[in-house]
Structure formats: C-alpha cells, structure tokens
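To keep things clear, I will list the structure first and then write my remarks on it.
Residue numbers (UniProt numbering): 1 to 484.
And the structure:
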C-alpha cells in the first residue's frame with residue numbers, strides 16, 4: 001500500500017515494515033479517490049470555487065470603507081477611530097476564525113467548513129445591513145469576518161491536496177489574486193453605491209453576491225483532505241466487512257476531542273518556529289500597509305485632491321492593477337525558477353527555491369511607499385501617487401505569494417495550520433495598524449509617515465536571503481520540530 005510523505009501519497013510501499021492488513025490507504029498511486037489524481041476539470045472547478053470565495057471575503061472586508069462617513073453620520077457619531085474599526089474589525093475575525101477553522105477542518109474536512117461558513121457569511125452580512133446601532137454593526141462585521149476567514153485559511157491547503165508541488169504556483173496565483181485584489185474592489189463598490197442607495201446596500205450587495213456562490217459550494221465542493229477521505233473510507237469498510245480493527249493509514253490514534261485540543265493550538269505553536277514567525281511577520285507588515293492605504297485614501301485623495309467618495313474608491317485601482325501584475329509575475333516565474341534551481345542543485349526540490357521572487361517583491365514595496373508618500377505630500381498630479389501604489393501592489397502580492405508557497409511546501413502535512421498561523425499574524429497587523437494611521441499622518445505628514453513604513457520594509461529585505469541559505473538547516477533541526 002502507498003504511504004504518505006508530507007500529507008501526499010508517495011506512491012510506493014514502506015521500505016521498513018510489512019503491510020498491515022488492517023490499514024486502509026489509497027488503492028495505489030492512481031486511485032481516483034486521491035485528490036492528487038482528480039481530473040483536470042474537477043481540480044479546476046474546485047480551485048475556481050475556492051478562489052471566488054476568497055475574492056468575496058476580502059471585498060467584504062473593505063466594502064464599508066467609502067461608506068464610513070455616512071455610517072457615522074447615520075448613527076450620530078464623530079469618532080473616527082470607531083469609523084476605522086468598522087472596517088478593520090473584520091480582520092480581527094480573520095485572526096480568531098482560523099484558530100477554530102483550521103483544527104476543525106483537520107478533523108472533519110475542508111468541504112464541511114466551506115459550506116457552513118458560506119451560509120454564516122451570508123447571514124452575518126444580512127445582519128450588518130439590518131444593524132440598529134453602530135455597536136451592533138461592529139459586532140456583526142466581526143462575525144462576518146470570522147465566517148469569511150474560512151477560504152482564506154483553508155484555500156492553500158485545498159490546493160496542496162490537489163496540485164503537486166512542482167505545478168503549484170499557477171494554481172496558487174489564481175487563489176491568491178482574490179485575497180489581495182478583493183480589498184481594492186470593496187471601496188470602489190461602496191464608493192459609488194453608497195451615495196445612490198445608502199450605506200446599508202453595501203452589505204446587502206455582499207449578501208446578494210454570496211447567495212449564488214453558496215448554492216454552487218453546496219452542490220459542487222467535494223472533500224479533498226486525504227486524512228478525512230481515508231477516515232471515511234475506513235469507516236465505510238468497517239461497516240461493510242464487520243472488521244472493527246480497520247483504521248486509516250493516517251490515523252493518529254487520538255480521539256476527536258484529543259485531536260481538537262492538540263490541533264487548536266498548533267497554529268500558535270507553529271508561530272514559535274523561526275521560519276514561520278519571520279516570514280509571517282514580513283507578510284503581515286506588507287499586508288497591513290494595504291489596509292492602511294485603503295483606510296486613508298479618503299484623507300489623501302479627498303483632502304489633498306478633492307475627490308468625492310466614488311473617485312476616491314477608484315484610487316484603489318493602482319493597488320489592484322499592481323496586484324494583478326504581481327500575480328502574473330509570481331505565477332509565471334515561481335515554478336520555473338524553482339525547477340531551474342532544482343536542476344542546478346542536483347535535482348532535489350526544496351521549498352527554499354520559492355524565496356528568490358520574494359526579493360523582487362521586497363524591493364518593490366519600499367519603492368512604492370516612498371513614491372506614493374512624497375508625491376502625495378507635494379500634491380503631484382493624482383495619477384503619480386496612484387502609480388506609486390501600483391509598485392506597492394506588485395511588491396505586496398509577490399511577497400505574499402512567495403512566503404505562502406514556501407510555508408505550504410515546507411509544511412504540506414499541516415498546510416491549514418501553517419496558513420492559519422500566517423493569517424493570524426497578518427490580519428492582526430492589518431486590523432491594528434490602520435487604527436493609528438490618521439494619528440501617524442497628523443504627527444508626521446503623508447510624506448514622512450509613509451516613509452517610516454518604507455524604512456520598516458527595508459529592514460525586512462535580508463529575510464529571504466537568510467532563509468534561502470539557512471532555511472533547510474533550521475527546518476530540520478530537532479528543537480524546532482516540537483511545535484508541530
């Protein structure tokens with residue numbers, strides 16, 4: 001029977017131990033039940049559905065941005081911090097959601113979590129649209145973010161279930177574009193919808209757009225997690241054969257309660273690993289710049305250039321176009337560069353071969369920040385700072401893609417947990433930094449305030465170099481295995 005390496009079938013028998021007749025595994029390397037052997041059409045459909053869910057959720061995260069002044073006015077509040085919190089509280093849902101979603105998916109499968117969270121996502125967006133107070137709106141936004149964190153947490157794991165490592169970058173690019181392009185789309189939608197229909201329709205729009213996708217998810221999403229597939233196969237065979245000793249090849253021997261108690265802390269334990277922590281922190285810093293820009297564009301383009309809410313929303317197109325260029329760049333180069341480095345280094349594929357593209361992204365981030373900050377400070381033509389945000393968009397997504405693919409390749413068996421680790425840190429920074437954005441710009445101005453962020457991103461430039469040369473040694477060190 002085949003055995004598993006990093007959560008995927010190695011396609012061959014164990015070299016050291018005789019086969020146990022009570023072990024239930026996939027039926028050879030070509031078993032159609034193994035997601036790695038699904039047809040190209042079935043894989044494409046699964047990845048498309050997950051990518052669409054991952055697009056909708058980040059759109060929801062910023063759908064309130066352009067509507068914030070009307071929301072505050074409707075509830076008779078002048079507290080700008082609360083106005084920013086209406087947007088960023090969503091990301092706190094992204095922080096806490098993965099802590100439960102990741103371990104539950106490793107126990108009960110990814111498909112069940114996708115379906116449940118999709119329904120809850122619609123329910124809580126409807127609740128936002130009907131909110132009777134600012135406080136209830138903030139609470140429902142948090143709960144919507146909690147449900148919306150599901151595809152962000154599990155998407156990379158689903159791709160790792162189906163796509164071999166050497167062909168993973170293209171699939172990852174289609175998935176990642178949703179998570180980074182979505183935040184740029186939200187302000188555009190609300191910027192034009194709010195003046196016409198009112199702020200509540202921003203949330204009705206999210207619920208209406210999510211409903212057809214929920215039907216598709218219910219009908220077409222199939223389980224892809226090998227652990228759960230084999231658990232179900234073993235249960236089916238126990239019932240058919242009457243043999244209670246049959247067990248999955250991936251069975252850990254833990255009860256569901258023990259497994260949940262162990263798994264719920266795994267994302268936080270994995271953050272204690274130097275590689276996971278530093279790469280997640282790097283991605284978190286860059287990601288938080290996105291939300292800082294989105295929550296302060298009204299100040300910059302409304303105050304400096306006199307844009308109304310609609311055109312201020314369109315100012316996010318610079319970030320969006322940069323994101324698309326970053327996805328194309330990362331998707332086209334990552335697999336090819338990894339294959340080239342593998343060939344030059346004796347034919348052994350290593351996760352570290354994903355990191356060179358991060359250097360390019362890391363350079364684009366400070367270029368974009370300095371460009372955007374100082375051209376906006378000196379009130380150059382409005383297109384000039386928007387071009388600067390395009391560089392930021394390229395750098396952000398290339399950095400995010402490279403770090404995500406590296407972590408998934410390095411910890412494939414725990415893809416959901418390592419993604420949750422990265423998501424927790426990334427979204428915590430994304431939620432908190434925008435809260436101090438206005439105070440920072442009041443104290444330093446747009447030029448020096450944005451430059452401060454640029455200098456921080458420059459300090460992270462050595463990170464991919466360090467892990468390219470020393471990452472394998474650190475990953476394999478015994479003292480860093482206890483966390484997982």
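Note that CB positions come from ideal geometry on N, CA and C, so glycine has one too.
Check whether residue i and residue j have beta carbons under 8 angstroms apart
i           : j           : result
residue 124 : residue 111 : no
residue 217 : residue 115 : yes
residue 325 : residue 457 : no
residue 230 : residue 25  : yes
residue 389 : residue 372 : yes
residue 377 : residue 445 : yes
residue 147 : residue 121 : yes
residue 220 : residue 55  : no
residue 198 : residue 60  : no
residue 406 : residue 336 : no
residue 113 : residue 154 : yes
residue 166 : residue 339 : yes
residue 152 : residue 179 : yes
Spatial neighbours of residue i in its chain, beta-carbon cut-off 8 angstroms, leaving aside the 5 residues before and after
i           : result
residue 243 : 22 and 237
residue 33  : 26, 27, 229 and 233
residue 71  : 64, 83, 86, 134, 137 and 199
residue 363 : 395 and 461
Contacts around residue i, its chain only, beta-carbon distance under 6 angstroms, and the 5 residues preceding and following it disregarded
i           : result
residue 286 : 365, 396 and 399
residue 203 : 125, 128 and 129
residue 67  : 190, 194, 199 and 202
residue 7   : Confidence in residue 7 is poor, its pLDDT being 39 and thus under 50, which makes the residue's placement unreliable; the coordinate value appears in the next sentence. Cβ neighbours of residue 7 beyond the five flanking positions: 412 and 413.
residue 318 : 386, 389 and 390
Coil, strand or helix - residue i by DSSP
i           : result
residue 36  : helix
residue 23  : strand
residue 78  : coil
residue 272 : coil
residue 133 : coil
residue 224 : coil
residue 485 : With the chain covering only 1 through 484, there is no way to say anything about residue 485.
residue 357 : helix
residue 29  : coil
residue 64  : coil
residue 10  : Confidence in residue 10 is poor, its pLDDT being 39 and thus under 50, which makes the residue's placement unreliable; the coordinate value appears in the next sentence. Residue 10 falls in the coil class under three-state DSSP.
residue 348 : coil
residue 192 : helix
residue 69  : helix
residue 219 : helix
residue 254 : coil
residue 163 : coil
residue 450 : helix
residue 170 : helix
residue 553 : Past the boundaries of the shown model lies residue 553; the chain is included only from 1 to 484, so the question cannot be answered.
residue 306 : coil
residue 108 : helix
residue 378 : coil
residue 469 : helix
residue 476 : helix
residue 460 : coil
residue 315 : coil
residue 282 : helix
Close-in-space but distant-in-sequence residues of the same chain around residue i (CB under 7 angstroms, 5 per side omitted)
i           : result
residue 201 : 193
residue 283 : 399, 400, 403, 422 and 426
residue 357 : 330, 333, 334, 337, 398 and 402
residue 346 : none
residue 252 : 259
residue 254 : 262
residue 540 : Because the chain is modelled from 1 through 484, residue 540 falls outside the range shown and cannot be assessed.
Backbone CA spacing between residue i and residue j [nearest angstrom]
i           : j           : result
residue 461 : residue 333 : 20 angstroms
residue 80  : residue 268 : 32 angstroms
residue 78  : residue 133 : 14 angstroms
residue 256 : residue 420 : 20 angstroms
residue 86  : residue 297 : 16 angstroms
residue 250 : residue 227 : 6 angstroms
residue 342 : residue 465 : 17 angstroms
residue 385 : residue 83  : 25 angstroms
residue 455 : residue 266 : 33 angstroms
residue 271 : residue 382 : 41 angstroms
residue 453 : residue 260 : 39 angstroms
residue 424 : residue 91  : 9 angstroms
residue 477 : residue 76  : 57 angstroms
residue 38  : residue 240 : 25 angstroms
residue 321 : residue 351 : 28 angstroms
Contact test: residue i Cβ vs the ligand PLP heavy atom, cutoff 7 angstroms
i           : result
residue 405 : Ligands displayed in this structure: none; no statement on the ligand PLP is therefore possible.
CB contact below 8 angstroms: residue i versus chain C
i           : result
residue 427 : The structure shown contains no chain C, having only a single protein chain.
**Prompt:** Any contact of the region 427-435 with the region 89-102, i.e. 3+ C-beta pairs under 8 angstroms?
**Reply:** yes
Per the contact definition of three or more C-beta pairs closer than 8 angstroms, is the region 162-172 in contact with the region 42-59?
yes
Exercise. Report yes or no: do the region 123-138 and the region 198-213 share at least 3 C-beta pairs separated by less than 8 angstroms?
Key: yes
Quiz item: Do the region 288-300 and the region 434-449 meet, that is, are 3 or more Cβ pairs less than 8 angstroms apart?
Solution: yes
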